[in-house]
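Some notes on the structure that comes next.
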Amino acid sequence: MKLFRRISEASKWFQARRRAGKRIVLVPTMGALHTGHLSLFRKARRLAGRKGVVAASIFVNPAQFGPREDFRSYPRALKRDLALCKKAGIDAVFHPSAGSMYAANHSSWADETRLSRGLCGRSRPGHFRGVCTVVAKLFNIVQPAIAVFGEKDYQQAQVIRRMVRDLNFPVRIIVTPTRREPDGLAMSSRNLYLSPAQRGQAPRIRRALMEARRQVRMRSHPAPVLARKIKSRLAGFRVDYVEVVDARTLESVKRAQRGDRVAVAAFLGKTRLIDNIIL
Numbered sequence: 191m192k193l194f195r196r197i198s199e200a201s202k203w204f205q206a207r208r209r210a211g212k213r214i215v216l217v218p219t220m221g222a223l224h225t226g227h228l229s230l231f232r233k234a235r236r237l238a239g240r241k242g243v244v245a246a247s248i249f250v251n252p253a254q255f256g257p258r259e260d261f262r263s264y265p266r267a268l269k270r271d272l273a274l275c276k277k278a279g280i281d282a283v284f285h286p287s288a289g290s291m292y293a294a295n296h297s298s299w300a301d302e303t304r305l306s307r308g309l310c311g312r313s314r315p316g317h318f319r320g321v322c323t324v325v326a327k328l329f330n331i332v333q334p335a336i337a338v339f340g341e342k343d344y345q346q347a348q349v350i351r352r353m354v355r356d357l358n359f360p361v362r363i364i365v366t367p368t369r370r371e372p373d374g375l376a377m378s379s380r381n382l383y384l385s386p387a388q389r390g391q392a393p394r395i396r397r398a399l400m401e402a403r404r405q406v407r408m409r410s411h412p413a414p415v416l417a418r419k420i421k422s423r424l425a426g427f428r429v430d431y432v433e434v435v436d437a438r439t440l441e442s443v444k445r446a447q448r449g450d451r452v453a454v455a456a457f458l459g460k461t462r463l464i465d466n467i468i469l
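Residue numbers (my numbering): 191 to 469.
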């Protein structure tokens, strides 16, 4: 397994693989890898084929964190991450420094301004500008044929798809289903923040979403009513938002019906958890 810290070395290596006709599949991560990431790696290997190249990036991107968010405390476990990547059969890991990715006088950004307006974009101003910028940079450095993302970050995946379409990146975006713990909690690096008591409470988000799905399966509901029912099941959480949106446009809907997406962001203590479900 190759490990690259310098952009120039990574670009040169990936360019040589493309010239040799190899399909490159990229899995962007911020590290602190878990079983959900490993499922992305397996999907990437199937897409790359035996002769293709599977690459992972490990980079905690400062541009997508707000001033009061957890950039400094975000879990970092590079030695363990590299061991997991090697065991998963990753061919190359790109692990740059923040200084190499963002010059001191950095002033150029990639941004998406429609799908990113609501949900996490409303709660975390500038977050998706940081996401789009770092993903655009990774695509320029690695130049993959395919990139793989997880559905837990549903809005992020839709924003990246839109950026790829609008800016004509020759990259196919694949989104895989959310991986969950046995009790239903969506896998996330931030789950490490949860105390044992909080960890016991966290799966209630999933249960509230599943109950909403059962209700809509029987008949459509006014979206605000459905959102209030979900919130009522999250006593003890500090709810950031519960919204029912059109799965394609991410615009709020008036009536929740099959095919819509319900998204939740809520805090347990200082830990922000997100999840979503299709109705």
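Cβ atoms here follow ideal geometry from the backbone N, Cα and C, with glycine treated the same way.
With 16 other Cβ atoms within 10 Å as the buried cut-off, status of residue i
i       : result
Thr-323 : buried
His-296 : exposed
Lys-327 : buried
Thr-219 : buried
Glu-199 : exposed
Gln-205 : exposed
Gly-426 : exposed
Arg-314 : buried
Lys-342 : buried
Gly-211 : exposed
Glu-433 : buried
Gly-279 : exposed
Leu-382 : exposed
Gly-449 : exposed
Residue i in three-state terms, based on DSSP
i       : result
Val-217 : strand
Arg-370 : strand
Tyr-264 : coil
Glu-441 : coil
Lys-212 : coil
Arg-314 : coil
Glu-341 : helix
Leu-463 : strand
Phe-427 : coil
Beta carbon of residue i nearer than 8 Å to that of residue j
i       : j       : result
Asp-281 : Val-244 : yes
Asp-430 : Ala-446 : no
Ala-238 : Arg-262 : no
Ala-267 : Ala-222 : yes
Gln-345 : Leu-440 : yes
Ile-364 : Ser-201 : no
Arg-380 : Thr-461 : yes
Distance between beta carbons of residue j and residue i, contact taken as under 8 Å
i       : j       : result
Phe-359 : Phe-329 : 5 Å
Leu-469 : Val-406 : 4 Å
Met-353 : Ala-300 : 6 Å
Lys-276 : Met-191 : 5 Å
Arg-394 : Leu-424 : 6 Å
Same chain, Cβ closer than 6 Å to residue i, five either side skipped, listed in chain order
i       : result
Ala-179 : The first residue shown for the chain is 191 and the last is 469, placing residue 179 beyond what the model contains.
Val-349 : Glu-302, Leu-305, Ser-306 and Phe-318
Ala-288 : Pro-252
Gly-242 : Lys-212 and Arg-213
Residues near residue i in its chain [Cβ-Cβ closer than 7 Å; skip 5 each side]
i       : result
Pro-286 : Arg-195, Ile-197 and Phe-249
Leu-230 : Val-217, Val-338, Gly-340 and Thr-366
Thr-368 : Gly-340, Glu-341, Lys-342 and Ala-376
Same chain, Cβ closer than 8 Å to residue i, neighbours up to 5 away in sequence not counted
i       : result
Leu-399 : Ile-420, Val-452, Val-454, Asp-465, Asn-466 and Ile-467
Gly-256 : Arg-314, Pro-315, Gly-316 and His-317
Lys-444 : Pro-412 and Ala-413
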